Each structure stands twice: as structure tokens, then as C-alpha cells.
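Protein sequence lines, in the order shown, are assigned to chains A and B.
For the first sequence, the working numbering assigns the number 41 to the initial residue and increments by one for each residue that follows.
For the second sequence, the working numbering assigns the number 1068 to the initial residue and increments by one for each residue that follows.
For each residue, glycine too, the CB sits at the ideal point set by N, CA and C.
These figures come from a predicted structure and were not determined experimentally.
Accompanying notes for the structure given below.
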Amino acid sequence: MSNLIENIPIQSQLGSNVKYTTKDFQSDQEVRWCPGCGDYSILAQAQRIMPDIGIPKHQIVFVSGIGCSSRFPYYLDTYGFHGIHGRATAIASGVKLAQPDLSVWVVTGDGDGMSIGGNHLIHLLRRNIDVNVLLFNNQIYGLTKGQYSPTSEKGKITKSTPYGSLDYPFNPASLALGASATFVARTLDRDPKHLQSILKRAHGHKGTSFVEIYQNCNVFNDGAFFQFTEKATKDDSVIYLEHGKPLIFGKEKDKGIRLNGFSPEVVSLKEGKASIHDLLVHNETDTTLSFILADMTYHSHMPRPLGVFLSIERPTYENEMQRQIEFAIEKRGEGNMEKLLNSGETWTIQ
Amino acid sequence: MREKKIKNLDEATIRFAGDSGDGMQLAGTQFTNTTAILGNDLSTLPDYPAEIRAPQGTTSGVSGFQIHFGSTEINTPGDSCDMLVAMNAAALKVNLHSLIKGGSIIANTDGFNDKNLKLAGYSSNPLKDESLSTYQVFEVDITKLTITSLQEMNLSSKLADRSKNFFALGMMYWLYDRPLEPTLKWLAEKFANKSDIREANIRVLKAGWNYGETTELFKVRYAVAPARLAPGKYRNITGNQATAWGLMAAAQKAKIDLFLGSYPITPASDILHELSIYKNFGVKTFQAEDEIAGITSAIGASFAGALGATTTSGPGLSLKTEALGLAVMVELPLIVVNVQRGGPSTGLPTKTEQADLLQALYGRNGEAPLPVIAAATPSDCFHVVYESARIAIKYMTPVICLTDGYLGNGSEPWLIPDYEKLPDIIPHFRTDPIGFLPYERDEITLARPWAIPGTPGLEHRIGGLEKQNLTGNVNYEAANHELMVRLRSEKIERIANDIPTAEIEGDRQGDVLVVGWGSTYGAIKTAVQRHRAKGHHVSQLHLRYLNPMQKNIGAIISRFKTILVPELNLGQLIKIIRADYLVPAVGLNKVQGAPFLAEEIEVKIDELIKGH
């Protein structure tokens, strides 16, 4: 059996010891998103963390589908594959299974990943192939100029829904959890520090990492997430999930989340009815809790959770695949085509 | 015991037919393997319903397996059979038309009770009335004899009943003078851990053989001497197995991993099953969530330096269409095997057809040419798939390889190739970063470099948007687009310089040239040979390369007065022959989910000769 990496002479100066800068990850292609697009920030944060993750850039592959977000690979000076609509996750699966040592990233959107590519996404998640999925959620179709998406709020008025959309939206985090994802997180374009930390966490996780990134489309859905990103409203509308810490939020850190049965509820820490000890403490390894927290998403009286919902260990598909191959070689010896062709019942004609 | 008379035959065709739960495919396969080991040439036609268990006893649930074997060259599974094993009334009803006049029927009398007769739509028992008077009918209560032979074993009656195919098989082994050992060996391996099933089947198989030997029912046995095939070592192989092995051999030769992304679909699933066994060859099989993920994961694997392959049948090829266009655009090696079946839509999942040719050639948006190659016989699948891989890797292109249900499930003896002598397959992985351009082309093949992730200094981006010549950057300029469309097209056309010229079977010129492709090879060959035996000027040209075509096709065609193109579709190759070579070719078309009978082609040739 061949190992492709071994067949290729690695040049030492480009080995893993090299120190990269952000600039090393910028390709020579002109970035062509609309001025003011949230994608610029996501690209910048990705380029910023790349030097820190310790992977030589020739071992990094960005795969995308179709949509505004999917132009992402063109702007990063790594290997890149701009695929077809919805199929980035399937293409990336093949890349990773063929070469498990690569660091493989998928960039997709709410249309690409949740609509046309929904099927591939859920199957990638349940298989737990070690791929990092960045789903840019802007709750609109941008590239096709403004139709509602699978994450648009019900009743949304768009070009294709002049009387309001009828579909109930997906909650990407809940969908990913339902598909047995092992790492699910949410972050947003306008919080660079948080975005960077989540990207690093996603990279560090062995198995499929699913990161939903709230991204502002300033042309077709401007301000969709302003409540969670702008100074005036942000603190009272967002709650940051931190492992081992109680769920506290609010401008004055005076509110928290308490569990009432299986339902979370907002309590005030000021009125003496509840204390910090009554609050839910986040545990990233608790699958049940992750469902409860993700489900807070579309409840208007609840703060929007950001951060890591779940991070658990489960064997990756590619490791299991490799294990089976090794087992088969151990049991039956390395394959020999000549032998196989002549195996079983044969007869000779003189 | 009185010696029974042995009659020597040059060839024989037998058909096992029963309910789809009766194990007819297994009996047929066992008979085939034993016959192959004896050195007969052979061809098989498994014919089974789409339903796993159609209503028991009905005509829609009948499963059949025909094998044609002989001491002479055998090219088809036989136009008709000489011997029909009918496990029930429905099996007789469905298959009687394929039995020659005067042929033999072995009827399992238990399958002809009132209920079975009613389900099969018989108003009276054909075994009792005169309707079968032109045939030789042997009535055997196979069910009862099977259960009797297992009495000591205390098996459930259901389990005992399920062994009755082995009674029929044992009888046929006796009738055609075949040894039991190959099947006994198979049973020992297959049921190594299920001693009761193994023992039951062994007993029943022997009981069937002894029944032939001891009863006075059969007066004659038949012997078919080994065939005078080309010298060498042979094995029996089905088309789907040959396809799987061809993929493995190509990857081994190229010293790269084989990655199969595939979604189960009849009649192609056996390729996935077969490849899943050989993990010790480093084969990575990925049962994808759908046909699209099957092909796109394979494209991803090819991008990363593996031999990406996907296997499917018609409806699956439809789903893969967009991804095929992507593979054309990104210019990566990819093998797509389409085991054709009756269409359109879900069509006839278990029946054969060759109506996907135009889809394979043209079924993509934009100008998206790719090589299309078709196998002619079950064992030919190996060579055609191997050739597909050679072309895919050398020219950095997806290749569609066409087989069909008849080839995939059918089997024949195969002269085992010498692996060392198979053509070299050398992937040219780019490693030098100096002067690297993702879409710079080889001067001769026009192939772009295969620059795989993990190679330092070759970081680059590819995708489905139009590429700028050389750089591969996204480019929408008019002149560049036309240049790239023409380059992609010329790359495929140049493959014609790298394939052997077509060889005609028969005279170089004459009255009728029968041009075929795919699984019609055997039937055409037989029909042409029959005419040539009569002194007619008829020749055969069989196309494996459907795009690009071999360079001498036009010259060959021009030397015949009439061109006949038989196809299991309404006329697809013929459109290309007419358009490319400007000849008024005549079609012979059949879409019944079944291969041509040699006789059908023979009659058509006759018509054309008389027309001259």
C-alpha cells in the first residue's frame, strides 16, 4: 500500500517548524465580497489563527460548495476546492479519507449547508470524520440576490416570498446535535476574539467540528444579528457558554439561567429570589444539556447562546477505517493482485 | 444396477426456475462453477425479480438462472434451453417459452398443487393434461424427497424445505455427469460454523444425485467434454467481480490507494460488496449517503491523490451528472462504472438494457466531453475498467465505463491475465514547486499536473468555475472560455492516438457489417458466425471505445454495403455512426429487459442479405 505523503520529498524549509504569519495565508486573488460583508471578518480571523495551529500550510485544505461564503478557499493560500452546491462536506470526506493527515476545513452557508447540502452535512456529523465545518449563517440567499433561506425567520418577506415565508427555520446547532455531532459551537462575525477562539477549538477537536457563524449580509439581510452584535443590545441578548461556569449574562451580570424541570428560565440575581448557586453550570461534555441550551435559540425571551454547546470524544471514521485496513492486512497479509487473480477454483487448459 | 446410457453433447443449455425464495440463483451459480472447473466454455443469464420476496407461487416471483455450456466456443447464455427445472407451476408458466420443442422438464410435483396452479393461472394441471405432450416431462416430488432425506436430522420443516434447491442441483449434476466435490467444498466453507445447514445441504445434494442414479426415471445421462479454449489458466468470473478486480489491479499498478464512494443500487451493488472485502489491498470503500456523495467523495479522494471511483446504475448516473461536470472542469482522474439496467426512472432494476449510452456521452450541462468505454463480456469488464483507469490517470479526466446487468451478473471462464504484463499506469504527481501552474498542460496528452494536498509549495485552488488557462484562477473572459472549452475537448480527442485500432472479426469487406457495443457482443458473434458458416459475407465490428472512437472505424465501415447496428435501446450508437460516418446504417432494436437472442440478429442479417 502506498502512503502518498511518504512518496513526496518534504522540503525541510517548509516543514512544520516554519513560522508563518497571517500574510502567508493570503492568496494572490482579489477578495470580491460586497464592501461591508461579514465574510471579510471571518476570513481575517481564519487567516489570523492559521499560523497558530501549527500545521504546515501544504497540509491544509479548504473545501467549499456554492454561495457567497464558498468563495472563501480562493482567498486562502492553502490547498482549496470550490465544489458544487451542497456537496462540500462530501468532497471533504473523500479528501480526508484519502489523506487522514490533512487538516480539512469546509466553508458553507445556510443555503449550501442546510438546504441543498443538508443530507451530506448530517451524515458527515454522524460519521465524525475529522473535518471542521464553518457554516456562515446570514439567514438569506445572497449570491442569488435575496431569497429566504432555511434559517430565515418564518414570515420573512423576500423576492420569492412577497407574502412572507411559510417555512419554520432550522436551528443549525440543534440540527447538528440531532445528527450526533461531537463538537457544536456558535460564534459571530463581529466578535473577532470569540470567533478566533472558536476556530482554534474547532481545529483542536478530533472529529467533525460544527461551527455556526452568524454573519451579516449587509446587502440582502442587513442587521439580522445586530441585537447580538451591537453595543446597545448585545449584553442583554447574548449569553456566552463557558465550560464549568454558571450561565450569567446581562450588562451588569445580573441575570442568569436556571433549570426548571427540563426548561431553562431567566432569573434575576438582583431581587434575592435566586443566587449564583441556583444557576445552570455549563458542561460541554453533557449531551442532554447541549440540546437544552441549543433549544434556547429561537425563544425571544431567552438570551442567544454563543460558544461551545458540546465537545465530546468519539472515534473518528478515518481512524476506524485505517484500523480495519490494518486488521485485514494483519489477518490476510498485504494484498497481492497476482495471487488474488489466481486464487480460488482455477483450471488449466494445455 | 443397470448402467445408464451416456449421450455426448457438444453443448447444452439448462435453466433452473423457481420461486424467488427457492435458491435458484445459488443452484445456478454452483452448477456454473462446477462446470467451469470441468473446463467447459460457458455463459450464464441470471434472471430474477426486483422484489426480494414477491408473492410466493406467483409468476411475478419467478427467479431463473440459465447456463449455456459446451465443448465448443460459447458466446451467449443460449437462445433457448434444452432442460428446464421447474420448482413450481409459475416457474413452468414463465419459462416454458424458452424451452426448445422436445426439450426436457423436471417438474417438482409438490409445486403443482391446486394452490400453486391457481396462483400461476393454470385452469388445469399441465402435468396431467396434454399441454406438455411435445416435451419430455419428468415428475419428481422434490419437496417430499428433500424432507424425507432429512428426517433423521430433526430440522424444522421450513429449514428442510429450503434445501430443495440442492436436491435439484444434485439431480442435474448426475444428469450432466458433473462431480459433487466443488459444491461440497463450498458448503464446508460457507457453513463452517452452521453444521446443521451444512449437513442438511450435503445430504440433500447427495440424495438428488442418488435419485438420478438409482431410479429408473432417467434413461439417459449427458456428457459435455471440456472446451478447446486457448491454453492457459482459467477461472470463472462475473462481470461485477471483474469490475472490482480491474479497479484494484489499476490502483495497485499505479501504486496509489483505491477509493470507492458508492451508494447501493441494483445491479451494481456487488461491486461495492466485492471491493469491501479487500481492505488488505488498502482499498477504501465508503458507502455514501447517496449517489451524489458517492461521486463527490470520490472526486475529493482523487484530489488528494487516490484513484477515485464510483459505481452505479442508470438512475444513479443521472444523480451524478452535475458532479461529472465538476470532474471535467477540475480535470481529476475518476472512474464511473454504470451497470446499466432497464429505464427510464426506476425502470426494470434487475433487467438488462443499454439505453444509457447517450446519457454517458452527452448527459451534462455545457461542453463536457469525457471518455466512454464499454465492456463486451463479463470478463472483459476487468480489462475495460483497467483501461478506464489508465486513461483517467494519464489524461486527468473522469471516464465512464459502461457495463450492464447481464454482464454484471453473468459469468464466463476467464483466461487469467498476467498481472505483471498489464500496461503500466504511472501517475505523474507534481512535486516541483518551481514554475508550477495548476493548468499547464502536457504537450502530448494535454493533461494538467496532478498536484495533491500535502505537497509543499503547490498550494492552489480548483473548482467548478471556469479556469484561466495555465493559472487555474477563476476567469470569465470570452476568449479564455472558448480556449478552455476547446482544450478540454481536444484533450479527450487526443486519447484516440493512444488506443489500439479497431479489429474486425471476419472479412475486411463484404455485404453486411454488424456494429455493436457492450453486452451484445456474444449474440452478434454467434449470429455472424452462423452466416459465415453459410458462406455469407458478413463481419462483426465491436466497439469498446465509444468516446473517442478508434481512428479506423470510418475506414472499416466504408468497405461494407450495409451497416447493421443491433442495440438494446431504440437506437443510440446508430445516431453516432450515422452522424460521424455519414452512412445509412440500419438498426435492430430490442427493449425487453433481456439480451438479444443470436437468432434475432441472424434473422435480421438474413433480411439484409436478401435485400441486396
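Scanning the region 75-110 of chain A for uninterrupted beta strand (DSSP E) segments of 3 residues or longer gives 100-104, listed from N- to C-terminal end. B/ILE1676 and B/VAL1579 have their C-alpha atoms some 7 Å from each other. B/GLN1308: member of the alpha helix (DSSP H) spanning 1306-1321, first to last residue.
Beta-bridge partners assigned by DSSP to A/SER351: A/PHE223.
When secondary structure is reduced to three states using DSSP, A/GLU305 falls in the strand class.
Assignment of B/MET1150 by DSSP, reduced to helix, strand and coil, places it in the strand class. Within the DSSP bridge table, the entry for B/GLU1078 names B/GLY1137 as partners. According to the DSSP secondary-structure assignment, B/HIS1609 is paired through a beta bridge with B/GLY1583. Around the C-beta of A/GLY312, fewer than 16 other C-beta atoms lie within 10 Å, and the residue is accordingly described as exposed. Legend: CB atoms of the region 1166-1193 of chain B lying less than 8 Å from CB atoms of chain A are not found in any residue.
Judged by DSSP in its simplified three-state form, B/GLN1354 adopts strand. Under the criterion of beta carbons closer than 8 Å, A/THR198 and A/GLY182 do not qualify as touching, at roughly 11 Å. The C-alpha of B/ILE1264 is placed about 27 Å away from the C-alpha of B/THR1111.
Look at the beta carbons and you see the region 372-388 of chain A not touching the region 219-238 of chain A: under three pairs across the two are nearer than 8 Å. As a beta-bridge residue in DSSP terms, A/CYS257 pairs with A/ASN261. When the beta-carbon positions are compared, B/VAL1670 and B/ALA1652 stay at least 7 Å from each other.
Beta-bridge pairing by DSSP links B/ASP1471 to B/GLN1407. In the three-state reduction of the DSSP assignment, A/TRP73 falls in the coil class. Nearest CB-CB separation between A/ASN168 and chain B: not below the 7 Å threshold.
Chain-ordered listing is empty here: chain B has no CB closer than 8 Å to the CB of A/TYR60, the nearest sitting near 12 Å. DSSP places B/LEU1655 in the uninterrupted beta strand (DSSP E) bounded by 1653-1656. The DSSP-derived three-state label of B/LYS1072 is strand. By the C-beta criterion, the region 1302-1318 of chain B is judged to be in contact with the region 1447-1458 of chain B, since at least 3 inter-stretch pairs fall below 8 Å. Look at B/THR1522: its C-beta is under 7 Å from a C-beta on chain A. In the displayed model, B/ASN1232 falls within a helix according to three-state DSSP. In the three-state reduction of the DSSP assignment, B/TYR1289 falls in the strand class.
Per DSSP, the unbroken beta strand (DSSP E) holding B/ARG1528 starts and ends at 1528-1530. Counting the other Cβ atoms within 10 Å of the Cβ of B/ASP1114 gives 16 or more, which makes it buried. In the DSSP assignment, B/TYR1506 is bridged to B/LEU1537. Using a CB distance cut-off of 7 Å, B/PHE1370 counts as an interface residue toward chain A. The beta carbon of B/GLY1372 lies closer than 6 Å to those of ILE1519 in the same chain, with the five residues before and after it left out. Chain-ordered, the chain A residues with CB closer than 8 Å to the CB of B/PRO1484 read LEU381. Under the three-state reduction of DSSP output, A/GLU252 falls in the strand class. Sixteen is the threshold: when 16 or more other Cβ atoms of the shown chains lie within 10 Å of the Cβ of A/ASP229, as they do, the residue is buried. Here B/GLU1557 has LEU1513 as same chain residues with Cβ atoms under 7 Å from its own Cβ, once five neighbours each way along the sequence are excluded. For B/ILE1214, the enclosing alpha helix (DSSP H) begins and ends at 1209-1216.
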